[in-house]
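This report concerns only the one structure given below.
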Amino acid sequence: MKKDKKETSIPWHKNKLKVGGFLLAILLTAFTLRVTNIENIPYSVFPDEAQNGIDAQEANATGEYKLFYESNNGREGLFINLQALSIKTFGSTTFALKLPSIIFGTLTVLGVFLLSSELFGTYVAGLIGAYLTTFSYWAINFSRIGFRAVMVPFILTFAFYFVFRGLRTKKLHDFIFAGLVYGLGLHTYIAFRVSPLVLIALFVSLIITRENFLKNFWKHILVFAIAMMITSAPMLLDFFHWNPQHYASRTKE
Numbered sequence: 114m115k116k117d118k119k120e121t122s123i124p125w126h127k128n129k130l131k132v133g134g135f136l137l138a139i140l141l142t143a144f145t146l147r148v149t150n151i152e153n154i155p156y157s158v159f160p161d162e163a164q165n166g167i168d169a170q171e172a173n174a175t176g177e178y179k180l181f182y183e184s185n186n187g188r189e190g191l192f193i194n195l196q197a198l199s200i201k202t203f204g205s206t207t208f209a210l211k212l213p214s215i216i217f218g219t220l221t222v223l224g225v226f227l228l229s230s231e232l233f234g235t236y237v238a239g240l241i242g243a244y245l246t247t248f249s250y251w252a253i254n255f256s257r258i259g260f261r262a263v264m265v266p267f268i269l270t271f272a273f274y275f276v277f278r279g280l281r282t283k284k285l286h287d288f289i290f291a292g293l294v295y296g297l298g299l300h301t302y303i304a305f306r307v308s309p310l311v312l313i314a315l316f317v318s319l320i321i322t323r324e325n326f327l328k329n330f331w332k333h334i335l336v337f338a339i340a341m342m343i344t345s346a347p348m349l350l351d352f353f354h355w356n357p358q359h360y361a362s363r364t365k366e
């Protein structure tokens, strides 16, 4: 029984309170670095941010929150719709425009903690990963700019966390969560479209290196695929049925 417990859980380093305290301190630091003086650093807003703000305000005015916004060479709508919600709540300010980035950037630190803990089997590794991400220049930079690209690392860290957790626990619900989160990635940024190559490479390597992997995990892979299709379906329909020109609008660049 003790052996089974070790195989299905990650041991806390000494005690939960200490790990939780360190993690909370890291997350508060991450949030502070991403929100402090956001009105002035970086100076003003980039043209793409301004266009996001224009579309967000128009969406609030018309009540039409789109899956895909065609202006500015085309952009997936999820991030802009979240910016619209932020502007509706906090007003037409730089803070409101960038708040979704601040939140996604901070939550990515949490995602790195969970994923690192899962991969290395210890929460110490998770704390180190979260700490490094907190002070990472690129992570801070994109967390302070209202670009939808900041959602990609957030989606991928949490999706792969649930995948690797599911491989350890063999629980179907972990693969369901992984699929639901991963499917949202299609609503984020064009670069996400190459991420299935990483996913395919992972499963191919598992098939090669783990005996009877498909026999033991075919149900898990199936529920992952179904869950992924549920959350990605609106964008897939938009790209390949309703408005196929949207799919190529950015790739032409």
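Position in the sequence shown (first residue = 1) + 113 = my numbering. C-beta: ideal position from N, C-alpha, C; glycine also.
Same chain, Cβ closer than 7 Å to residue i, five either side skipped, listed in chain order
i	result
Ile253	Leu146, Arg147
Local Cβ density within 10 Å of residue i, reported as buried at 16 or more and exposed below that
i	result
Leu293	buried
Val276	buried
Gln196	buried
Pro160	exposed
Glu231	buried
Gly134	exposed
Phe248	exposed
Test item: CB-CB of residue i and residue j under 7 Å
i	j	result
Glu171	Thr207	no
Thr344	Leu297	yes
His359	Phe353	no
Ala272	Phe337	no
Ile123	Gly234	yes
Val225	Ala238	no
Tyr295	Met341	yes
Residues of its chain near residue i, where Cβ-Cβ distance is below 8 Å and the 5 sequence neighbours each way are ignored
i	result
Ala304	Ala262, Val265
Alpha carbon of residue i to alpha carbon of residue j, nearest angstrom
i	j	result
Thr219	Asn356	34 Å
Gly279	Ile339	16 Å
Glu162	Ile193	10 Å
Ser214	Ser199	11 Å
Thr282	Ala143	30 Å
Asp168	Asn325	50 Å
Lys115	Asn150	Confidence at Lys115 is low in this model, with a pLDDT of 45, below 50, so its placement is unreliable and no value can be given for it.
Lys201	Leu191	15 Å
Val311	Val158	33 Å
Ala361	Ile313	23 Å
Tyr156	Leu180	30 Å
Sequence-distant residues of its chain with Cβ nearer than 6 Å to residue i (five each side left out)
i	result
Tyr302	Arg261, Ala262, Val265
Gly259	Glu162, Asn165, Leu210, Lys211, Ser214
Quick one: which unbroken alpha helix (DSSP H) runs of 4-plus residues sit fully inside the region 293-351? Chain order, please. 308-322, 326-350
Extract the residue ranges of the alpha helix (DSSP H) inside the region 222-255, only unbroken runs of 4 or more that lie entirely within it. 236-247
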